[in-house]
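Below is one structure; the comments refer to it alone.
Residue numbers (UniProt numbering): 1 to 293.
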């Protein structure tokens, strides 16, 4: 999706047919204080995003989750997170964090890059900071695919899983699941493909800490959140199998990898867009991970 550059002084309404660009509409830009900005697309971010005079505007599908995420980032930003940039949320003129399905934050440099081990490191640093945050109510009230998959992965509640797109493999692997006594805390359970880097891994640009735009909340061990990154990197990021052993010093690591794999299988087996063909990446991850069990 691309934005259509135009002279904002010609805006007469929020109707795209009247000249509004594909992207944040006029009333949203007005609410967030960037009415006269020409939205410029940021194509290398997770999901559609437009930069408007230092403000990043992104459409959100879950307004409650987006508002919670912004509030929590504000709380974390008070003390900061060592080695991680947090995108500072921007409130609308009336104090709202979400306007007509759009959220805003101060623009941050960087883009998604295949630096999988660095994303695991970001996960661990971020979750040292989130340990101080009390269990949010949204963890218990969410009932989306991710929340249902999370509960199924930990054996708390069954989810309707399609056999061909992951349900059979889930059932097979779930028999090898063992409970752990790792401490639970607030974690971001969907970091893969969302962390922004300014460089490819070398050079001066890499002196800038990686950036996190938002939070997807779960109440699980920090090791599990790191394991989900590894599962995703194996399944869809082209990571080498050695990534599973490079982080083997983490506590209960084989079981956390298994729980992370069950989580992603449960997501896949519920999602209507997923197919038998798209399961192949998770099957590859399963082959690598089961060697450790």
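Heads up, the beta-carbon is just placed ideally off N, CA and C, and yes, glycines get one too. Everything numeric in this text was worked out from a predicted model, so none of it was measured.
Spatially closest choice to residue 189 from 211, 217, 77 and 284, by CA coordinates | Of 211, 217, 77 and 284, the residue nearest in Cα terms is 217.
Looking only at its own chain, which residues have a Cβ that is under 7 Å from the Cβ of residue 81, when we skip the five neighbours before and after it?
-> 125, 126 and 129
In the DSSP assignment, find the unbroken alpha helix (DSSP H) run with residue 236 in it and report its ends.
-> 222-236
DSSP state of residue 50 mapped onto helix, strand, coil = strand
Determine the DSSP secondary structure at residue 254, reduced to helix, strand or coil.
-> helix
Boundaries of the alpha helix (DSSP H) in which residue 55 is found, first to last residue = First-last for residue 55: 55-59, but that is the beta strand (DSSP E), not the alpha helix (DSSP H).
For the beta strand (DSSP E) holding residue 188, just list the boundary residues, first then last.
-> 185-188
Tell me whether the beta-carbon of residue 56 lies closer than 9 Å to the beta-carbon of residue 118.
-> no
Three or more beta-carbon pairs under 8 Å between the region 132-141 and the region 235-243, yes or no?
-> no
If you run the structure through DSSP and keep just helix, strand and coil, what is residue 274?
-> DSSP places residue 274 in the coil class of the three-state scheme, outside both helix and strand.
What span of residues does the alpha helix (DSSP H) with residue 68 cover, start to end?
-> Counting along the chain, the alpha helix (DSSP H) containing residue 68 begins and ends at 63-79.
Work out the CA separation of residue 176 and residue 65 for me, nearest whole Å.
-> 33 Å
Who are the near neighbours of residue 162 in its chain, counting only those whose CB is closer than 7 Å to its CB and skipping five residues on each side?
-> 269
Among the residues of its own chain, which have a CB less than 6 Å from the CB of residue 180, if the five just before and after it don't count?
-> So the list reads 252 and 255, once near-sequence residues are dropped.
What residues match up with residue 41 in a beta bridge as DSSP calls it?
-> 50.
Below 7 Å CB to CB, which residues in the same chain sit around residue 7 once its five sequence neighbours on both sides are set aside?
-> Note that residue 7 scores a pLDDT of 31, beneath 50, so its modelled location is shaky; the value from the coordinates is reported in the next line. For residue 7, where only same-chain residues beyond five positions count, there are no Cβ hits under 7 Å.
What residue does the beta strand (DSSP E) around residue 121 start on, and which one ends it?
-> Per DSSP, residue 121 belongs to no beta strand (DSSP E); it is in the alpha helix (DSSP H), 116-130.
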